[in-house]
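Asks: In our numbering, the protein residues as written are 2 to 87. After the structure tokens below, expect a handful of questions from me.
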Amino acid sequence: MTTVSLLKFRRKMSKKEINIGPQSIQAAGGKILSAYWTLGRFDAIVTVEWPDEKAAMKGFTGLAEFASSETLVAIPREEALKLAGY
Numbered sequence: 002m003t004t005v006s007l008l009k010f011r012r013k014m015s016k017k018e019i020n021i022g023p024q025s026i027q028a029a030g031g032k033i034l035s036a037y038w039t040l041g042r043f044d045a046i047v048t049v050e051w052p053d054e055k056a057a058m059k060g061f062t063g064l065a066e067f068a069s070s071e072t073l074v075a076i077p078r079e080e081a082l083k084l085a086g087y
């Protein structure tokens with residue numbers, strides 16, 4: 002399962018805290034596919050491959066102190082087309 006998460010930082014993080022997000026994701030079984038800091042409404046975008054929904058919830062729970070997030074489940078285009086009957 003792949004997710005795309007849009008993150009809004011709650012505050013400026015310390016140098017020590019900056020690695021808590023990736024560590025929380027990896028400890029929950031997630032593999033970070035890409036991570037970008039962005040300009041605009043959200044501060045970062047992270048795509049993660051997870052074993053299942055429970056792992057995703059556990060991984061992002063560790064970020065709650067530092068960021069709010071909107072997480073979307075991402076389905077590869079070709080798979081989505083098959084599911085839609087194209």
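A virtual CB, placed ideally from N, CA and C, is assigned to each residue, including glycine. Just so you know, these numbers come straight off a predicted model, no measurement behind them.
Smallest Cα separation from residue 13: which of 45, 62, 5, 36?
Replies: 45
Asks: Between the beta-carbon of residue 6 and the beta-carbon of residue 73, is there less than 9 Å?
Replies: yes
Asks: Taking 8 Å as the cut-off, does the segment 68 to 83 touch the segment 30 to 38 (at least 3 CB pairs, one atom from each stretch)?
Replies: Output reads no: the segment 68 to 83 does not touch the segment 30 to 38.
Asks: Would you kindly report the start and end of the unbroken alpha helix (DSSP H) that includes residue 66?
Replies: No alpha helix (DSSP H) holds residue 66; DSSP gives it neither H nor E.
Asks: Could you give the distance in angstroms between the alpha-carbon of residue 9 and the alpha-carbon of residue 67?
Replies: 9 Å
Asks: So, using beta-carbon positions, are residue 31 and residue 49 closer together than 9 Å?
Replies: Pairing residue 31 with residue 49 gives a Cβ-Cβ distance under 9 Å.
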